[in-house]
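This report refers to the structure that appears directly beneath it.
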Amino acid sequence: MNSTIRKEKHYKITIEEVGIEKPKTLELSYQDREDLFKAVDNLKKGSGLTPETATQVAVALRLLGPVMIKDRKHPLFVAFMPHFKNFMQHLKSTVKQAVSGA
1 MNSTIRKEKH
11 YKITIEEVGI
21 EKPKTLELSY
31 QDREDLFKAV
41 DNLKKGSGLT
51 PETATQVAVA
61 LRLLGPVMIK
71 DRKHPLFVAF
81 MPHFKNFMQH
91 LKSTVKQAVS
101 GA
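Going by UniProt numbering, the first residue of the sequence shown is number 1, and it counts up by one from there.
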């Protein structure tokens with residue numbers, strides 16, 4: 001039997017404050033089992049959001065989602081988790097329908 005092992009994808013995100021003389025930067029690295037670029041493309045195609053907003057939402061969800069799942073019993077996430085789960089199910093369903101119908 002041949003099992004499929006998902007490899008973690010490695011990402012680096014740099015945020016730079018713009019429009020000021022001495023900009024601040026924030027850099028973080030993280031791993032994800034999902035392809036961030038594919039998530040962005042799918043949201044751009046199927047969410048009905050502007051491309052810039054779809055990119056922001058996809059990146060935010062791929063950063064927040066795994067943290068919430070890992071720490072779902074943390075007091076900060078307990079009350080929000082059921083709503084997040086419903087939101088993600090609705091989002092995935094909406095995007096899947098739009099992308100497969102395209």
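A virtual CB, placed ideally from N, CA and C, is assigned to each residue, including glycine.
Alpha-carbon to alpha-carbon, residue j and residue i
i, j, result
"residue 134", "Leu61", "What is shown of the chain runs 1 to 102, which leaves residue 134 out entirely."
"Ser100", "Ile20", "44 Å"
"Ala79", "Arg72", "9 Å"
Outcome for residue i when other beta-carbon atoms lying within 10 angstroms are tallied against a minimum of 16
i, result
"Leu26", "exposed"
"Val67", "exposed"
Other residues of its chain near residue i: CB distance less than 6 Å, five sequence neighbours each side excluded
i, result
"Val40", "Thr55 and Ala58"
"Gln31", "Glu8 and His10"
"Ile15", "Leu26"
Beta-carbon contacts of residue i that lie in its chain and below 7 Å, excluding the five residues immediately before and after
i, result
"Asp35", "Lys9"
"Asn42", "Val95 and Val99"
Beta-bridge pairing of residue i - partner residues as DSSP gives them
i, result
"Ser100", "Its beta-bridge partners do not exist; DSSP assigns none."
"Ser93", "Paired residues: none, contrary to the question."
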